[in-house]
Amino acid sequence: MTADIPLTPHQQALIANPPKARLFLEGAAGSGKTTVGVQRLLHCIRTGVAAESFLVLLPQRALGLPYYQALRRPDLPAGGNAAVMTLGGLARRMTALFWQLVAKEVGFAHPDRSPLFLTLETSQYYMARLVEPLLDEGYFASVSIDPNRLYSQILDNLNKAAATGIAHSDFGERLKSAWIGDSSQHRIYEDAQDCAIRFRNYCLQHNLLDFSLQLEIFANHLWQSALCQDYLMQRYRHLIYDNIEEDIPLTHDLIRQWLPLFDSALLIHDNDGGFRVFLGADPRNAYLLKDACDANVELNASHVTSPALRQFQLCLSQAITRQAITSPRQITPAVRFSYHRFTPQMTEWVCRQIAELVNGNGVAPGEIAILTPYLSDSLRFSLINRLEALGVAVHSHRPSRSLRDEPAALCLMTLARLAHPAWKLPVSRQDLRYALMSAIQGIDLVRADLLARITYNENIPQAGLGSFDLIRPEMQERISHTLGARFETLRTWIEDYRQSGDEVLDVFFSRIFGEVLSQPGFGFHTRFDYASVAARLIESVQKFRWVTDEISLAERIPIGREYLQMVAAGVVAAQSLPAWEEMSGNAVLLSPAYTFLMANRPVSYQFWLDVGSNGWWERLYQPLTHPYVLSRHWQPAALWTDKHEYASNQETLSRLTRGLIARCRQQVILCINGTNEQGDEPRGVLLQAIQVLLRRLPAKLEGHDV
Amino acid sequence: MFKPRPMQAQVLTYRQGRMGVSAVPGSGKTHTLSYLASLLISEPMLEEDQEVLIVTLVNSAVDNFTYRVQSFIRQYGILPGMGYRVRTLHGLAHDIVRERPDLVGLSDRFQIVDERESGELLESAALTWLRSHPDFMEAFTREDLDPFQDSRLQRDWQSLVIDIASSFIRQAKDLQMSPTAIEEHLTAIKNPHPLLQMGLEIYHDYQRALNYRGAVDFDDLIRLALQALRCDPDFLARLRHRWRYILEDEAQDSSRLQEEILRLLVGENGNWVRVGDPNQAIFETFTTANPAYLLDFMQEKGVISRTLPNSGRSSHTIIRLANYLTDWTRTRHPNPALRHALNLPSSNQCQRVIPSPIRSINPMACSFPPRS
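Here it is, written out as structure tokens:
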């Protein structure tokens, strides 16, 4: 958190400290630790330390935003730039640089050829190719799971094993031995292990490097090489390693070895952090790095929260862990409670409260966050629609939302299917109708539907779109000639493209975006969010193309068709890249609670929706993988029972709520709904804790049907 | 303000242990049970993370109970919906599985297919099987008929195969048997009946289709809930702690799986109240429901037996007729095997008539006639 607030003398001293020592800086969220990191980096650069000698290491790119923004400042001396990256980024860069050195040693079949770095989606694509035929042979018969989730969980096992230092061939046995349920389920861990080994062998055969292999190569080969170490030592002389508690143990191990070799190091630890445990983060291991530093400094005074909010933080934690509640009445100004029998009542109430705050009390929309454990499409839609109708700017961020759910991406993909008849990918009238609604500015559902019905025949897709000029005049009148002219421009462009015989999908997307959709009169012209989606889609196709060329040539599969098919099947989820920059705008933020935490941006008002949901408490249940069993702290022979589950979930909820409140300046508004979107009556552990507080407070319950 | 009748008041003195209540129609059992729930919720011994679990038969009863309990506990300053939970068996099973889906091989996003969707999957699996076994219809059709030419006959066959497969799958799930387990049993038989083989293959296909969607059907929910409770004792212990009291409504229609699930949740020394009318078992003919579960429970050692014999709903003549029918069935039914179909009240049941609050319609009510 780097708010524009005056620095304390303590912070100033840390920033001005000569870059010679290895310092461990710890403290609560909001105590100004990242501010120290950023300002120290700027101070050092301004006082003559070469920017390029700095390595700013982070567990996740999103957490680097304050550093990226600081390094873009125009008042910095000209010259090189500090490297802001994750271990994954560093591993990839080093592997590309020293490929010839390690390729043969690692066991790649073609060390003379270039490596192909896989993204999450391309890894999933290759995993799907390998596993799909095995499903018909009876693999994973006893689990009920969407195949795409199955592929991603096998990959997750590989990544967690690499992050922890477990051999890629050993995770199955570990999962098996911790399993308490029916022994017939052992088979699925064996299947997962078998598939992971097949995948690894396939990668070695085809020079493919998924995330786990990149980590393993860096840790087990490159880091062991004197040449590579020399390069790293000479290149990076100063380290700033922020949010170390959110990183994987492999990074901690490497930094422990590397630390004595830096001229200076600043390790920053959030004592309330550890939100990414389910992704392999190991806060316990991170804290051990404290002993490897020369000095330890603690910052604990929060620059963000009020005393009442800090009391709420304490009381809620006590209520969750069933301890006696101390001074609950002191929390009153910091918290509001509301109850609503149904979710639509809750969304309406929340939107009205926000409109009142923004329009009535002059609160900046960017100072408000709406947080939920999960953000469904329907909730997202209803909140955004209602807030916009009330004149409140809102921005939604949900990293797991895939590009294929975005109207702009769907539009581009439908147009791509129309423009490439040889790929024989069906386009339904509904697809076309929605594509036209996104593509043509000013067209409504009825007119888009009319155009789709009149100009397109699903049974003869190769005929393409019919001309607007050839339809009946009364229909032309109904649709309007203005819209008809826009449709005709789009149609003609697609027709010309069809004649050209081109087949490179990303080039198609670039061209149709630049030449038609972004032009005046078309749907993308004023929609920056559509442009952003188009850019991400193009990037996704490019990355897919780069790593599938070999298969495409060998099996004569058009890459574009393969991509569209994989997206439609959900195999290539086309995960959207986190648009972190967009989050800093002055709009109400609507996001899952964990996403908000990882953005590390405090706000004045937080609305917690669906407080009764167990999603605040429980981990993501995935039958093929397990974040705790695949961690370093797990005894391999032990059984994972519900006692462990309960303890870890309690810890998760305490940590999550502490983290959220630490990022709130004025008030938390708790919204309880009697019935959730699924029609269930949620009564999760957070709600029980709220109930404990409510019974000790004179607080008024607002809302409906109270 | 609820003013209980004497027999209702007796039920309301319950605070712990096991109790069976035999209640006649219109005896106010929903109201009594709801009020009992509200009393238990208000007791200080119920911790803040504990609940009274009410299990009933149908969704309309869930709403009815919820509304009544809510109106009773409004005064205690408890958030709406807290302190109790009303569920059908499927709703309860869903809660259990949703809490730990990983224990039964599901992910957190598992879906439940409704009857229409599961019907479509079953139909698809059955028709695929028929297409790949064209000789099957021929083997079981009269020689003078041709199922491939006669479209009506073909439709009949399809519908028959779907019906058989549906029963096969339901029975298999009721017996907690996976396709693999059945396959192992059939392998042990030298010449399994072709219908068994057919059922197994369609079951395999149907289950694969569900797995592919990451989904379960209603029967799976019950089966998996039981599996989850059995496989992790700590999970069971956590749920036992949460549901300190279990109040079971319409217990005469309790099925084998419901009985097993609730027995597991109650444990050796838990608190369980079962209320029902053994003469009103309406699910018996088409499910595994059986009033014997309630009757046997009431005979168990340590179970407090209570009755709610006073009907406030039906007219005196209707009650007399009902009582006469019971008596006739038990003593004079021409088929002796059916004479146990209806039950007499337990020995401590009140036989006297008492004033009813709705005297103008039903001045006196007593459920069973005097034996003489």
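These protein sequence lines are chains A and B, in that order. Going by the numbering used here, the first sequence runs without a break in its numbering and finishes at 706. Going by the numbering used here, the second sequence runs without a break in its numbering and finishes at 1078. Beta carbons: idealized from backbone N, C-alpha and C, even for Gly.
What residues of chain A sit near residue i, judged by a beta carbon separation below 8 Å?
i: B/M1004; result: Neighbours of B/M1004 on chain A: none; closest Cβ ~31 Å, over 8 Å.
i: B/L953; result: Within chain A, no residue comes near B/L953; the closest Cβ sits about 17 Å away, beyond 8 Å.
i: B/A807; result: The amino acid occupying residue 807 of chain B in the given sequence is Pro; Ala does not appear at that position. Chain A residues near B/P807: Y621 and P623.
List, in order along the chain, the chain D residues whose C-beta lies closer than 9 Å to that of residue i?
i: A/D506; result: Looking at the structure shown, chain D is missing, and the protein chains on hand are A and B.
Report the partner residues of residue i according to the DSSP bridge assignment.
i: A/Y339; result: A/I672 and A/G703
i: A/W608; result: A/L371 and A/L670
i: A/W258; result: Partner(s): none; A/W258 has no beta bridge.
i: A/H395; result: A/L589
i: A/Y241; result: A/L57 and A/L267
i: B/R793; result: B/V761
i: A/L620; result: For A/L620, which the question treats as bridged, DSSP gives no partner whatsoever.
i: B/Y951; result: B/V758 and B/N977
i: B/G677; result: Outside the displayed span of chain B (707 to 1078) sits residue 677 of chain B, for which this structure offers no information.
i: A/C759; result: Look at the range of chain A in this structure, 1 to 706, and you will see that residue 759 of chain A is not part of it.
i: B/G1079; result: In the structure displayed, chain B extends from 707 to 1078; residue 1079 of chain B sits before or after that span and is not available.
Are the CB atoms of residue i and residue j nearer to each other than 8 Å?
i: A/S510; j: A/L403; result: no
i: A/R655; j: A/D272; result: yes
i: B/R731; j: B/D1033; result: Reading the sequence as shown, one finds Pro at residue 731 of chain B and not Arg. No, Cβ-Cβ distance for B/P731 and B/D1033 is not below 8 Å.
i: A/Y628; j: A/S648; result: yes
i: A/D549; j: B/C937; result: no
i: A/C203; j: A/L130; result: no
i: B/I1089; j: B/Y912; result: The structure shown does not extend to residue 1089 of chain B, since chain B is modelled only from 707 through 1078, so no value can be given for it.
i: A/S169; j: A/A637; result: no
i: B/K908; j: B/A931; result: It is worth fixing the name first, because residue 908 of chain B is Ile in this sequence and not Lys. No, the pair does not count as a contact, with Cβ atoms beyond the cut-off.
i: A/I331; j: A/A308; result: yes
i: B/A831; j: B/A915; result: yes
i: A/L597; j: A/L660; result: yes
i: A/L450; j: A/R491; result: no
i: A/I255; j: A/V56; result: no
i: A/G280; j: A/N159; result: yes
i: A/S382; j: A/T347; result: yes
i: A/V363; j: A/S604; result: yes
So residue i contacts chain B; which residues on that side make the cut at Cβ distance below 9 Å?
i: A/S376; result: Within chain B, no residue comes near A/S376; the closest Cβ sits about 11 Å away, beyond 9 Å.
i: A/I188; result: G811
Give the residues of chain B in contact with residue i, contact being defined as C-beta atoms less than 7 Å apart.
i: A/C694; result: The sequence as given places Leu at residue 694 of chain A; Cys does not occur at that position. The contacting residues are L785.
i: A/L620; result: D814
Given that residue i touches chain A, what residues does it touch there, using C-beta distances under 7 Å?
i: B/I912; result: A small correction: the amino acid at residue 912 of chain B is Tyr; Ile does not occupy that position in the sequence shown. Result: empty, since nearest Cβ-Cβ is about 12 Å, beyond 7 Å.
i: B/A767; result: Near B/A767 there are no residues of chain A at all, since even the closest Cβ is about 15 Å away, more than 7 Å.
i: B/F816; result: S144
i: B/R944; result: D642 and Y646
Cβ closer than 9 Å: which chain A residues qualify as neighbours of residue i?
i: B/Q933; result: G181 and D182
i: B/L916; result: S144
i: B/D940; result: I180, T641, D642, K643, H644, E645 and Y646
Name, please, each residue of chain B whose Cβ falls closer than 8 Å to the Cβ of residue i.
i: A/R149; result: S813, R815 and G920
task: With a floor of 3 residues, list each beta strand (DSSP E) that falls wholly inside the stretch 818-897 of chain B, ordered by position along the chain.
output: Look at the stretch 818-897 of chain B and you find no whole run of beta strand (DSSP E) that is 3 residues long or longer.
- prompt: Any chance the stretch 613-626 of chain A sits against the stretch 370-388 of chain A, with 3 or more Cβ pairs inside 8 Å?
  reply: Taking 8 Å as the limit for Cβ pairs, the verdict is that the stretch 370-388 of chain A does touch the stretch 613-626 of chain A.
- request: Just list the alpha helix (DSSP H) runs in the stretch 969-1042 of chain B, keeping only unbroken ones of 4 residues or longer that don't cross its boundaries, in chain order.
  value: Under the rule that a run must span 4 or more residues, the alpha helix (DSSP H) segments found entirely inside the stretch 969-1042 of chain B read 998-1005 and 1022-1038.
message: Tell me whether the stretch 269-283 of chain A and the stretch 243-250 of chain A touch, counting them as touching only if at least three CB pairs, one residue from each stretch, are closer than 8 Å.
response: Taking a cut-off of 8 Å on C-beta distances, the stretch 269-283 of chain A touches the stretch 243-250 of chain A, as three or more cross pairs fall below it.
- request: Run through the stretch 377-447 of chain A for me and flag every whole beta strand (DSSP E) of 3 or more residues, listed as ranges in chain order.
  value: Taking only runs of at least 3 residues, the beta strand (DSSP E) segments lying wholly in the stretch 377-447 of chain A are 394-396.
query: Are the stretch 208-227 of chain A and the stretch 662-671 of chain A touching by the rule of at least three beta carbon pairs closer than 8 Å?
result: Segments in contact, no.
query: Three or more beta-carbon pairs under 8 Å between the stretch 219-226 of chain A and the stretch 95-102 of chain A, yes or no?
result: Yes: the two stretches touch, three or more of their Cβ pairs being nearer than 8 Å.
Those runs of the beta strand (DSSP E) which lie wholly inside the stretch 170-240 of chain A and span at least 3 residues: Within the stretch 170-240 of chain A, there are no complete beta strand (DSSP E) runs of at least 3 residues.
- prompt: So, do the stretch 472-488 of chain A and the stretch 420-433 of chain A have three or more beta carbon pairs nearer to each other than 8 Å?
  reply: As far as the Cβ criterion goes, the stretch 472-488 of chain A does not touch the stretch 420-433 of chain A, which means the pair count is below three.
- prompt: On the three-pair Cβ rule with 8 Å, is the stretch 42-51 of chain A touching the stretch 68-79 of chain A?
  reply: When Cβ pairs closer than 8 Å are counted between the two stretches, the stretch 42-51 of chain A is seen to touch the stretch 68-79 of chain A, the count reaching three or more.
query: Is there contact here, the stretch 436-451 of chain A with the stretch 554-566 of chain A, by at least three beta-carbon pairs under 8 Å?
result: No, because fewer than three Cβ pairs between the stretch 436-451 of chain A and the stretch 554-566 of chain A fall closer than 8 Å, the two stretches do not touch.
At least 3 beta-carbon pairs within less than 8 Å: the stretch 782-791 of chain B vs the stretch 886-898 of chain B: With the cut-off at 8 Å, the stretch 782-791 of chain B and the stretch 886-898 of chain B do not touch.
message: Under 8 Å, with one C-beta from each stretch per pair, do the stretch 971-985 of chain B and the stretch 712-732 of chain B reach the 3-pair mark?
response: Output reads yes: the stretch 712-732 of chain B touches the stretch 971-985 of chain B.
query: Are there three or more Cβ pairs, one per stretch, closer than 8 Å when the stretch 707-722 of chain B is compared with the stretch 673-680 of chain A?
result: The stretch 707-722 of chain B, when compared against the stretch 673-680 of chain A, does not touch it at the 8 Å Cβ threshold.
task: Scan the stretch 78-147 of chain A and note each continuous beta strand (DSSP E) run of 3 residues or more that stays entirely inside, going in chain order.
output: List check, beta strand (DSSP E) in window: 83-85.
- prompt: Taking three-plus beta-carbon pairs below 8 Å as touching, is the stretch 526-545 of chain A in contact with the stretch 404-423 of chain A?
  reply: Two segments are said to touch when three or more pairs of C-beta atoms, one from each, lie closer than 8 Å; by this definition the stretch 526-545 of chain A touches the stretch 404-423 of chain A.
message: Check whether the stretch 801-819 of chain B and the stretch 768-779 of chain B are in contact - that is, three or more C-beta pairs closer than 8 Å.
response: No, the stretch 801-819 of chain B does not touch the stretch 768-779 of chain B.
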